[in-house]
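A.B. asks: Under our numbering, the first residue of the first sequence is numbered 1228, with each subsequent residue one higher.
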Amino acid sequence: MAIKKVTRAEDYSGWYNYIVENADLAEHSAVRGCMVIKPYGYAIWEKMQQDLDRRFKETGHSNAYFPLFIPKSFFTKEAKHIDGFATECAIVTHHRLKNVNGEMVVDPDAKLEEELIVRPTSETIIWNTYKGWIQSYRDLPILVNQWANVVRWELRTRLFLRTAEFLWQEGHTAHATANEAIAETKQMLDVYADFAESILAIPVIKGVKTENERFGGALDTYCIEGLMQDGKALQMGTSHFLGQNFAHAFDVKFLTKENKQEYVWATSWGVSTRLMGALIMAHSDDDGLVLPPRLAPIQVVIVPIYRTDDERIRIDAKVDEVVASLKKQGISVKYDNRDTQKPGFKFAEWELKGVPVRLAIGPRDLDNGTVEVARRDTKEKIVMDLTDLSHKVEHLLEQIQTNIYQKALDFRTENTNNVDSWDEFCEKLESGFVLAHWDGTSETEKKIKEKTKATIRCIPIDNLLQDGKCILSGNPSTQRVIFAKAY
RNA sequence: CGGGAUGUAGUUCAGCCCGGUGGAAUGCCUGCUUUGGGAGCAGGAGGUCGCAGGUUCGAAUCCUGCCAUCCCGACCA
C-alpha cells in the first residue's frame, strides 16, 4: 500500500497543506484565494465559535449583524485605519449583468452611484450606526459582537492562515470613559488567552504591539501570540483600544451626567479561522492532525474487529452499550462500523483526522470484558477493563487535553531564549521566540526586520523592567521585547 | 505584484526534449477470499491532457496569451 506522507522535517508547508486537505478540513475553491471549509473542518470551527460565544455572552456582550457592503466614503472618514488594507479591498461597482450573445457581461448602465467596499473590517459601518444609538451616558456601554465573513484581497494565500475571504468574529464596544474602554480591551484579551490555552491547548503570550504592528485606527493594539512547531510566531487574536478615533470620525458624542457633550470611547477585538491554522501547526504530527479533546468533533471513535457475522453481531451489541455510556458522560463518540474498510485502514484514517481516543473491540475483548484504548497524542495503546469505562475515558480525555497543552508549553519554553548578542540573536531566531533589548524606536525595529525578517511580536503585558542595551543599536533599553519570524 | 516551478483519470505522477489512436500506481465499482495497524486475486468503469488562440496534414507534446496552485520575495489590523 503506497500512501504518500509528508513529514514536517522534509517540507513543513507541504506537511501543513497535506493535513488540511487529507484530514478533510478545507480545500481550494474555484475562486482565487478562497477556500471551501469542509464539514469536518467546519465542525471544529463551530466548536470554537460555541465556546467563544459563550464567553462573550458571559462578559455581557450580545450578537448583532451589520452589512457586508460599506460605502466607500466611510473609509475616508477614518483614513488611518484603512491604510493597512486599502491595497486589498474588493469593490462593488455595478449591480446588473446582461446577456450579450449568450455571454453574461457587466451592464455599463448599471453603475453604482457610490461604490461599495466588501468589508475588510466593520468599524466604519458600525460607528456610523452607533451614532444613531447613542445620545446619553445612559445608552452606554454598547457591547456588541458579530460573527461574519470579511474579505481582504491577499496576494499570497494559505489555507486558514491567510485567505482572501475568512470567517471571524469582531466585537465593537462603545464606552463613556477611556478607562472603561481600556478595561474592556484587556478583558477581551484575557478571554482570548484563556480560550487559547484551555480550549485550543496552545500557550500564548499576551502583549502590546509596537507602533509598526499596531492597527491603524487604534491607540493600542493588544494581541496573543503563539509559537508554531517550525519556530514561527502566529498572532492568534487582537484586541484594540481605539480611543476616540472612530467617535471623532463619525461624530459620535454623548451627554454626560454633567450635561456635557463628550466623544465616545471605543474598542474592537477579533479572532478568525486563522485559529484553525494555529491548531494544526501547534499540535499535529507526521501521522496527521492532533486535536485537543475539547475541540474534537469526535472525541472517541470505536473500531470493531471481527471475522464472522456472528462476531460482528456480538460486537455491535457490546458497542451499543459502550456508546450509550459514553454519551451519558457527554462524550461525542462515533462507531465506525463500515464493513468496507479494514481496521488498520480505519486506525490510520482516524489518526489523520486527529480523533483523541480510539477504542478497538474484538473477539478477544468480548471474552475478557476488555477494550483496547489508544490515545492519539502519545500513540500509546493499553487494554482496559470495560468496567466503568466511560469515567476512565472521560478522565483520559482530560489527561490528553492537559498533555497536549503541556507539550506545546514545553516546546515554547525550549524555544524561547534571552539573548544579548547580535550573533546569538540571529541564531536563536531560527527556532522561536527571542527576548532581547530594544531601544524603543521604529527605526531600529525596521532595520532588524530588514536584516533578519524578524519582527517584534509584542511587548509582554506586565513585562519585567530591566536596564540593558538594544540588541542592534546598543542604545539604552528598559525591557526585553519578543522577537520572532511570523506568519 | 516581481522571480522560479507546476497543471495529464478521484489522488500521486510518467509521457512532452525528438508532434502520429493517452499510460502506471493508488482510489472507485462487481465477485470471491479476508478483517487485532493502511488486505489478496479476478474482472470492470473512469481523461474536453488547466482554458483560449496559433503553427501543422496531424498538438498532451511546439508557440502566444490567460487562469489556477506551490515555493521564494514584496505586502499584510
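Glycine included, each C-beta is placed from N, C-alpha and C at the ideal position.
#1: For Gly1703, report the span of its beta strand (DSSP E) as first-last.
#2: Counting C-beta neighbours from all protein chains within 10 Å, is the total for Ile1451 16 or more, i.e. buried, or is it exposed?
#3: So Ala1663 and Val1646 are supposed to be a Cβ contact under 8 angstroms. How far apart are they, rounded?
#4: If distances are taken between C-alpha atoms only, which option among Gly1470, Arg1565, Trp1374, Gly1701 comes closest to Val1528?
#5: Inspect the beta-carbon positions of Gly1659 and Ala1713 and report whether they are closer than 8 angstroms.
#6: Given a cut-off of 8 angstroms on the beta-carbon distance, is the pair Val1620 and Val1584 in contact?
#7: What is the residue span of the alpha helix (DSSP H) that Thr1671 lies within?
#8: Between which two residues does the beta strand (DSSP E) holding Glu1315 run?
#9: Taking Cβ positions, are Val1431 and Glu1424 nearer each other than 8 angstroms?
#10: Determine the contact status of Leu1593 and Ile1542, defining contact as a CB-CB distance below 8 angstroms.
#11: Considering only their Cβ atoms, is the gap separating Asp1334 from Leu1324 smaller than 8 angstroms?
#12: Can you name, in chain order, every residue of its own chain whose Cβ lies under 7 angstroms from the Cβ of Val1418, other than the five neighbours on each side?
#13: Kindly indicate which three-state DSSP category Arg1385 falls into: helix, strand or coil?
#14: Would you call the stretch 1499-1510 and the stretch 1263-1279 touching, i.e. three or more CB-CB distances under 8 angstroms?
#15: For Gly1497, which of helix, strand or coil comes out of DSSP?
#16: For Glu1670 versus Ile1683, is the C-beta distance shorter than 8 angstroms?
#17: Is Thr1640 helix, strand or coil by DSSP?
#18: My assumption, with CB atoms under 8 angstroms, is that Pro1368 sits in contact with His1402. Please give the rounded CB distance.
#19: So, using beta-carbon positions, are Arg1603 and Gly1581 closer together than 8 angstroms?
#20: For the alpha helix (DSSP H) holding Gly1268, just list the boundary residues, first then last.
#21: Taking the C-alpha atoms as reference points, what is the distance between Met1463 and Trp1496?
#22: For Cys1697, name the three-state secondary structure that DSSP assigns.
#23: Which one or two residues does DSSP pair with Lys1569 in a beta bridge?
#24: Quick one: is Ser1240 buried, meaning 16 or more other Cβ sit within 10 Å of its Cβ, or exposed?
#25: May I ask which residues mark the beginning and end of the beta strand (DSSP E) holding Cys1450?
#26: In the structure shown, what three-state DSSP assignment does Gln1626 receive?
#27: How many Å lie between Ala1270 and Lys1561 at the Cα?
#28: Would you say Asn1439 and Glu1305 are within 8 angstroms of each other, going by their C-beta atoms?
#29: How many Å lie between Glu1607 and Gln1396 at the Cα?
#30: Would Thr1412 pass as a contact of Thr1351 if the rule is Cβ separation under 8 angstroms?
C.D. replies: In terms of the structure at hand:
#1: Per the sequence shown, residue 1703 should be read as Pro rather than Gly. Residues 1703-1711.
#2: buried
#3: 5 angstroms
#4: Arg1565
#5: no
#6: yes
#7: 1669-1679
#8: Run containing Glu1315: none; DSSP gives neither H nor E here.
#9: yes
#10: yes
#11: yes
#12: Arg1282, Thr1286
#13: strand
#14: yes
#15: strand
#16: no
#17: helix
#18: 5 angstroms
#19: yes
#20: 1266-1285
#21: 11 angstroms
#22: coil
#23: Note: Lys1569 sits in no beta bridge, so no partner.
#24: exposed
#25: 1447-1454
#26: helix
#27: 14 angstroms
#28: no
#29: 37 angstroms
#30: no
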